[in-house]
Every structure is written in C-alpha cells, then in structure tokens.
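As you go down the protein sequences, you meet chains A and B in turn.
Anchor point for the first sequence: position 228 equals 228 in the numbering used here, and the numbering is continuous, going up by one each time.
Anchor point for the second sequence: position 14 equals 14 in the numbering used here, and the numbering is continuous, going up by one each time.
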Amino acid sequence: MSCLKTKDLGLRRNERWLFKNLNLNIPAGSVVAILGPSGVGKSSLISCLSGSESPTEGEINFECKAGEIRNPENISPELGIIFQSLRLTEHVTVLENVLYGKIAQYGLKESFFGFPESDKNIAYETLKELGIAHLAYKWTSQTSGGEKQRTAIARTLFQDPKFILADEPVSNLDNYYSGRVMGLFRNLASQEKKIIFCALHDPQLISRFANYALSLNPERPENWNLREIKPKL
Amino acid sequence: MSANPKHIRESQGLPTRKWYERLNFLNVLIIIFLFLTLYSGKNLVQENRSADVMAGIDYFLKKFFPPDFSNFHLILESLAETFQIAIVSTFIAVILSLIISTAASRNISPAWLVQTTRMFLNVTRTLPSLIWAFLLVIFFGPTPIAGVLALTFYSLGYLGKFFSESFESMDIKVARGLKLIGAGPIQAFLYGLWPNVKAQVWSQSLWMLEYNIRSASIIGLVGAGGIGMELNKAMEMASGFQRVTAILICILFIVITLDLLGQAIRRWITQKISPKSISD
C-alpha cells in the first residue's frame with residue numbers, strides 16, 4: 001500500500017520560513033487539502049513535493065509498494081502534477097497535451113509516427129469525462145482558461161499516477177466542473193488508493209471531498225496543523 | 001489572529017523611489033542618439049566632397065540603357081546557380097544553427113557554454129558575407145563551394161542568434177514540467193519547447209533564404225559563383241554596361257518576386273502551425 005511521508009520538512013525563502021518541522025504520514029486513499037491565505041507557502045510545499053524545488057531541510061519519501069521508498073527525484077512517472085500555471089504546450093492540440101501525460105512510456109519513435117491509437121482513444125475518453133471532447137483537435141492556444149485547466153487535469157488523469165499534486169486545480173472552473181473534478185479525485189483516492197494533494201481555497205469543496213486538511217501558519221511556520229475530515233461523499 | 005506583516009507595510013503608504021529608479025533610460029538613449037546623428041551629419045556633408053549629380057545621371061542613362069539581353073541564357077544559368085548556392089547554404093546553416101542555438105540559450109544551457117557559443121556566433125556575424133566569400137575564395141578558388149561556405153558561415157551567425165532568442169522567449173517551465181512527469185531531455189525539448197517555437201524558426205529560416213538569394217547575387221563579385229560572377233565579367237568589358245543593366249533587372253525581378261512569395265509563405269506557415277491564442 002502506498003503512502004507519502006515527510007520528515008522534518010522545512011522551506012526558507014527570503015529570510016522567512018514558509019513551513020518548518022513538517023512531519024506527515026499520509027496513507028493511501030487520501031485527499032489532502034492544503035489551506036492557508038495567499039503567499040503562505042501552499043504552492044511552495046507542492047513544488048517541494050514534486051521535486052521542482054529543493055527543501056531547505058528534511059526529506060520526502062514516497063512509498064509506491066511496501067518497502068519501496070522513492071523520493072521526488074526518482075518518483076516519476078508515478079507522480080502526476082497539475083501546476084497552477086498549467087504548463088501546457090500551447091501550439092499543439094488539446095489531445096496531444098493529454099497524451100503527454102504518458103510521455104515516460106514513449107520513445108523518439110512517437111515523435112515521428114505519432115502516439116498509439118489505443119492511447120488516443122483512452123485520452124479522448126478522459127476528455128469526454130471532463131466535458132472537453134469537442135476540443136480534442138483544437139489548438140490549446142485557442143481554448144479558454146477553464147478549458148486549459150481541464151486539459152491539464154485530463155493529462156494527469158490519463159497519466160494515471162499513484163500520487164497527484166494539484167495546485168489550485170479548480171481555480172478557473174465553475175461550480176459544476178469544480179465538484180466534478182474533485183469528485184473524480186475523491187473516487188480515485190477511495191477506489192484506486194491514490195494519494196492526492198490539493199491546494200484549495202473553497203471550504204465547501206474541502207469539507208465535501210477531502211479527508212485531511214493541512215493548514216500552514218504564516219506567523220509560526222512550525223505550527224502547521226493536519227486534521228482529519230470525514231468527507232460528506 | 002495577529003495582523004499580517006504584509007498589511008502593516010501596506011498601511012504606510014506608497015514608498016518613494018530614488019531619482020535613478022524613476023529615470024526613463026529609453027528617453028535618455030533617444031537624446032544621445034539625436035546628438036550623435038547631428039554630429040555625424042555635420043561631418044558627412046562637406047563642400048569639397050559634393051559631386052555633380054546631374055552629370056552622373058546623364059552618363060548613366062547614356063551608357064547603361066537600353067539593357068542588353070543577348071546573353072539571356074547565360075544570365076538564367078547563373079541565376080540557377082545563385083539559387084542553388086542560397087538553398088544549400090541556408091539548409092546547412094539552419095541545421096547547424098538549431099544545434100548551436102540550444103547551446104546559446106540561457107534558459108537551456110549553462111552560462112559558460114552560452115558565453116562561448118555567443119562569442120563564436122558574434123565572430124561569424126561580424127564579417128559581412130562578401131568578406132567571408134573573399135576569404136573562402138582564397139582557400140577554395142573561384143568556385144560555388146566558396147559561395148556556399150561563405151553564406152553558411154554568415155547565416156550561422158544570424159540564425160544562431162535568432163533561434164537562441166526564440167528559445168529564450170519561450171516558457172521553459174513547460175518543458176521542465178514534462179521532465180517532472182518522466183520525459184527525457186530530448187522529449188522535453190520536442191514536446192515542451194519545439195512546438196511553441198517552430199513557427200518562428202520556420203519564419204526566420206525563410207527570411208534567411210530570401211536574404212541569402214540576395215547575398216548570393218553579390219558574392220560572385222569576388223569569384224564565389226552565381227550571377228555576381230556574370231555581373232563582374234560584364235563590368236570588366238568595355239561595352240558591357242548595357243549587359244550589366246540586363247543582369248540588374250533580372251536580379252531585381254527575382255528578389256522582389258521572392259520577397260513577396262516569402263512573405264506569403266511565412267504568413268501561411270505562421271497561421272498554420274501557430275494560430276493566435278484567443279486572448280491575442
């Protein structure tokens with residue numbers, strides 16, 4: 001059974017600690033919501049967990065199988081990331097961006113002969129699930145902010161990793177799609193035992209879909225708080 | 001809950017900036033440029049260097065007209081060679097520049113490699129194509145190979161600079177994001193960077209081809225092949241001025257046609273592989 005552990009994790013930036021002595025042990029099947037005001041360090045924590053930023057101190061361990069410990073440097077492709085800035089390739093189609101989710105499985109052959117048809121069909125089904133199947137062959141640069149966000153989510157769902165880090169994944173979505181995406185995350189956690197870390201602002205979404213709430217404290221970085229929530233779903 | 005330190009700072013009002021922080025450097029540069037122009041203009045226009053322009057026009061019209069197209073087949077053959085020199089040199093330069101420009105991009109390569117590559121590109125760009133041709137004719141003799149290499153070196157300096165600037169203007173975070181989910185460095189480049197930059201690379205390469213066709217017409221003056229060699233021969237003949245006019249008309253026709261064609265192709269490619277985003 002997979003789990004995510006941090007040991008004495010701390011990040012200091014511009015002479016200020018964003019979080020300190022962060023010790024977590026998140027079991028498989030959890031949706032963890034990271035809370036706190038803007039600038040508190042939610043995105044920085046996600047950056048540390050994803051390996052795009054090195055923590056000032058402490059360590060991060062991903063356990064994919066019992067006894068198989070990995071860290072952010074060697075966790076890919078078992079780590080899916082939905083970035084706040086989305087990081088989509090603008091001048092390719094929406095479908096291609098989704099296919100990039102399984103990039104670790106592809107070689108140089110695909111860059112000449114295209115991606116496998118079977119994968120294209122799975123990616124298309126993912127787009128259907130998020131209501132953007134009609135955009136499959138549209139240029140990503142020609143889609144709206146909300147559509148781009150759903151494309152980034154579809155990429156991670158298509159990747160099908162054990163761990164998902166999502167930095168405000170529903171910030172550009174309406175209530176219907178916010179609930180739908182968080183519902184999908186909730187199901188992935190409960191049924192497929194994935195671990196999902198989400199930076200979220202909406203208290204309603206947190207109480208409905210998360211089973212842990214991690215609050216960061218801007219005044220006392222070592223006074224973070226992890227509380228268990230019973231999801232309403 | 002205690003007050004956020006950010007809010008305390010905000011309540012103190014707008015901080016004043018130092019004079020050098022407020023100075024508009026662009027305006028200062030325009031003033032410097034204006035003074036330099038006035039100074040240079042004064043030096044360039046001198047009484048004893050003025051020429052009799054009307055006499056010049058009269059001489060030109062009598063000697064150079066009507067154009068002599070009697071050797072039209074030779075002109076066409078030389079024009080074909082000019083094209084071949086331009087196409088081969090542009091192709092080699094594009095391939096080499098793509099490799100070199102990744103080494104010259106700050107967001108892709110380490111600082112020492114960027115500095116070294118940029119210095120090399122600056123050196124190749126400093127020498128005009130005619131000087132490159134002149135130097136290479138010494139090594140390879142008066143052959144089109146000298147022309148091809150001359151234009152390759154010259155184009156390398158420009159395309160390397162253009163491509164690296166295009167790479168630098170791209171958001172490298174997209175490629176880094178792909179690496180975080182398991183892409184190798186070549187995949188991150190191919191899927192995260194190249195699709196966003198390829199329209200610019202195509203457009204710049206076509207521009208270079210147009211430029212090289214113009215340059216390939218001139219480098220023959222120093223013996224590096226193409227229509228320029230024909231031009232040189234005509235100028236050396238006592239009665240060749242009317243032939244010179246015919247060659248110049250042909251060059252002008254080809255260059256203008258290619259300019260228009262190049263513009264249309266560039267516009268088509270840009271729209272085809274890089275449509276505007278809806279926010280533009």
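Every residue gets a Cβ at the ideal spot worked out from N, C-alpha and C, and that includes glycine.
Put Thr6/A into one of helix, strand or coil per three-state DSSP.
Here residue 6/A refers to the residue found at position 6 when the first sequence is read from its first residue. Reduced to three states, the DSSP call for Thr6/A is strand.
Problem - Which of helix, strand or coil DSSP assigns to Pro142/B - result: Counting from 1 along the second sequence, the entry for residue 142/B is found at position 142. If DSSP states are grouped into helix, strand and coil, Pro142/B belongs with coil.
Inset, instruction - Kindly confirm or deny that the region 29 to 43 of chain A and the region 59 to 73 of chain A touch, where touching means at least three C-beta pairs closer than 8 Å. - result: Touching, no, given that fewer than three Cβ pairs across the two stretches are closer than 8 Å.
Other residues of its chain near Thr93/A: CB distance less than 8 Å, five sequence neighbours each side excluded: As a position in the first sequence, residue 93/A is number 93, starting the count at 1. Here the set comprises Ala136, Tyr137, Lys138, Trp139, Thr140.
| request: Note down the Cα distance separating Tyr20/B from Leu29/B, rounded to an integer number of angstroms. | output: The residue you call residue 20/B lines up with position 20 of the second sequence. The residue you call residue 29/B lines up with position 29 of the second sequence. Taking the Cα positions, Tyr20/B is about 14 Å away from Leu29/B.
* **Inter-residue spacing [alpha-carbon to alpha-carbon] between Ala188/B and Ser105/B** => Within the second sequence, the letter at position 188 stands for residue 188/B. Within the second sequence, the letter at position 105 stands for residue 105/B. Using only the alpha carbons, I get a separation of about 15 Å.
Based on the DSSP output, what are the partners of Leu11/A in its beta bridges?
Reading the first sequence from its first residue, position 11 is the one you call residue 11/A. Bridge partners of Leu11/A: Phe19/A.
Exercise. Have a look at Glu15/A, Pro55/A, Val31/A and flag the residue whose alpha-carbon is nearest the alpha-carbon of Glu228/A.
Key: The residue you call residue 228/A lines up with position 228 of the first sequence. Closest option to Glu228/A, judged by alpha-carbon separation, among Glu15/A, Pro55/A, Val31/A: Val31/A.
Legend entry - Residue(s) in a DSSP beta bridge with Leu24/A: On the first sequence, position 24 is the one that residue 24/A refers to. Thr6/A, per the DSSP bridge assignment.
### Length of the line joining the Cα atoms of Leu242/A and Arg208/A
With chain A covering only 1 through 233, there is no way to say anything about residue 242/A.
Could you pull out every residue in the same chain whose Cβ sits closer than 6 Å to the Cβ of Thr6/A, ignoring the five residues on either side in sequence?
Start at 1 with the first residue of the first sequence, and residue 6/A comes out as number 6. If we look at Thr6/A and ignore the five residues flanking it on each side, its Cβ neighbours are Leu22, Leu24, Ile60.
Checklist line | Residue-level contact to chain A via CB, Leu178/B, 8 Å cutoff | finding: As a working note, residue 178/B is residue 178 in the second sequence. Cβ-Cβ to chain A under 8 Å: yes for Leu178/B.
Notebook entry, point to check: From the beta carbon of Ser54/A, is the nearest beta carbon of chain B less than 8 Å away?
Noted result: By one-based count along the first sequence, residue 54/A stands at place 54. Look at Ser54/A: its C-beta is not under 8 Å from any C-beta on chain B.
*Would you decide whether His73/B is buried or exposed? Buried here means 16 or more other CB atoms lie within 10 Å of its CB.*
As a working mapping, residue 73/B is identified with position 73 in the second sequence. So His73/B ends up on the exposed side.
Q: For chain A, find out if any of its Cβ atoms is closer than 8 Å to the Cβ of Ser2/B; answer yes or no.
A: Taking the first residue of the second sequence as 1, we reach residue 2/B at position 2. The predicted position of Ser2/B is uncertain, since its pLDDT is 45 and thus under 50; no value can be drawn from it.
Beta-carbon separation of Gln238/B and Asp68/B under 8 Å? Translated into the one-based positions of the second sequence, residue 238/B becomes position 238. Translated into the one-based positions of the second sequence, residue 68/B becomes position 68. It is worth fixing the name first, because residue 238/B is Ala in this sequence and not Gln. No, the Cβ-Cβ distance between Ala238/B and Asp68/B is not below 8 Å.
Next item on the list: Please work out which residues of its chain come closer than 6 Å, Cβ to Cβ, to Val88/B, disregarding the five sequence neighbours upstream and downstream, and give them in chain order.
Entry: Position 88 of the second sequence holds residue 88/B. Non-local C-beta neighbours of Val88/B in its own chain, meaning closer than 6 Å and more than five positions away in sequence, comprise Val148, ordered along the chain.
Practice task
Under 8 Å by Cβ, that's how I've got Phe115/A and Leu99/A pegged, so tell me the actual separation to the nearest angstrom.
Solution key: Within the first sequence, the letter at position 115 stands for residue 115/A. Within the first sequence, the letter at position 99 stands for residue 99/A. The distance from the Cβ of Phe115/A to that of Leu99/A is about 5 Å, consistent with a contact at the 8 Å cut-off.
* Asked: Between the region 255 to 271 of chain B and chain A, which residues of the former have CB atoms less than 7 Å from a CB of the latter, in chain order?
  -> Going along the region 255 to 271 of chain B in chain order, one finds no residue with a Cβ nearer than 7 Å to chain A.
Rounded to a whole number of angstroms, what is the C-alpha to C-alpha distance between Ala213/A and Gln204/A?
Translated into the one-based positions of the first sequence, residue 213/A becomes position 213. Translated into the one-based positions of the first sequence, residue 204/A becomes position 204. Their Cα atoms are separated by approximately 12 Å.
Item to complete: Report back the beta-carbon spacing between Ser76/A and Ala104/A to the nearest angstrom; my notes put them in contact at under 8 Å.
Response: By 1-based counting over the first sequence, the position of residue 76/A is 76. By 1-based counting over the first sequence, the position of residue 104/A is 104. Approximately 6 Å separates the beta-carbon atoms of Ser76/A and Ala104/A; this is inside 8 Å, confirming the contact.
Check: For Val330/B, which residues in chain A fall below 7 Å Cβ to Cβ?
Finding: Missing from the structure shown is residue 330/B; chain B here goes from 1 to 280 and no further.
message = Taking 8 Å as the threshold (beta carbon to beta carbon), is Pro15/B in contact with chain A?
response = Within the second sequence, residue 15/B is the residue found at index 15, counting from 1. Taking Cβ atoms only, chain A never reaches closer than 8 Å to Pro15/B, which makes this a no.
_Asp58/B: first and last residue of the uninterrupted alpha helix (DSSP H) it sits in_ = Translated into positions along the second sequence, residue 58/B becomes position 58. 53 to 64 is the extent of the alpha helix (DSSP H) around Asp58/B.
- Which residues, taken in chain order from the region 181 to 199 of chain B, show a beta carbon closer than 8 Å to some beta carbon of chain A? Of all residues in the region 181 to 199 of chain B, those with a C-beta nearer than 8 Å to a C-beta of chain A are Ile181, Gly182, Ala183, Ile186, Gln187, Leu190, Tyr191, Gly192, Pro195, Asn196, Lys198, Ala199, reading in chain order.
Q | Contacts that Val45/B makes with chain A (C-beta to C-beta distance below 7 Å) | A | The count along the second sequence starts at 1 and reaches residue 45/B at position 45. The premise fails here: Val45/B is roughly 50 Å from chain A at the closest Cβ pair, so nothing lies under 7 Å.
Supposed contact pair Ser205/B and Gly160/B - C-beta distance, whole angstroms, cut 8 Å: Along the second sequence, one-based indexing puts residue 160/B at 160. Along the second sequence, one-based indexing puts residue 205/B at 205. Between Ser205/B and Gly160/B the Cβ distance is about 12 Å, and since that is not below 8 Å, they are no contact.
Checklist entry - On the three-pair Cβ rule with 8 Å, is the region 264 to 273 of chain B touching the region 111 to 131 of chain B? => result By the C-beta criterion, the region 264 to 273 of chain B is judged not to be in contact with the region 111 to 131 of chain B, since fewer than 3 inter-stretch pairs fall below 8 Å.
Selection from Cys250/B, Ile32/B, Gly192/B, Pro142/B that minimises the alpha carbon distance to Gly225/B: Counting from 1 along the second sequence, the entry for residue 225/B is found at position 225. The residue from Cys250/B, Ile32/B, Gly192/B, Pro142/B with its alpha-carbon nearest to that of Gly225/B is Pro142/B.
_Along the region 161 to 193 of chain A, where does the CB come closer than 9 Å to a CB of chain B? Name the residues._
Here the close residues are Pro161.
| message | Which of the three DSSP states is assigned to Ser203/B in this structure? | response | One-based indexing of the second sequence puts residue 203/B at position 203. The three-state secondary structure of Ser203/B, taken from DSSP, is helix.
Pull up the distance between the alpha-carbon of Phe83/A and that of Phe25/B, whole angstroms please. Residue mapping note: residue 83/A aligns to position 83 of the first sequence, counting from 1. Residue mapping note: residue 25/B aligns to position 25 of the second sequence, counting from 1. When only Cα atoms are considered, Phe83/A and Phe25/B end up about 37 Å apart.
Check your understanding: Based on Cα-Cα distance, which residue from Ile219/B, Leu23/B, Pro128/B, Gly262/B lies nearest to Pro144/B?
Key -> Looking up residue 144/B in the second sequence gives position 144. The residue with the shortest Cα to Cα distance from Pro144/B is Ile219/B.
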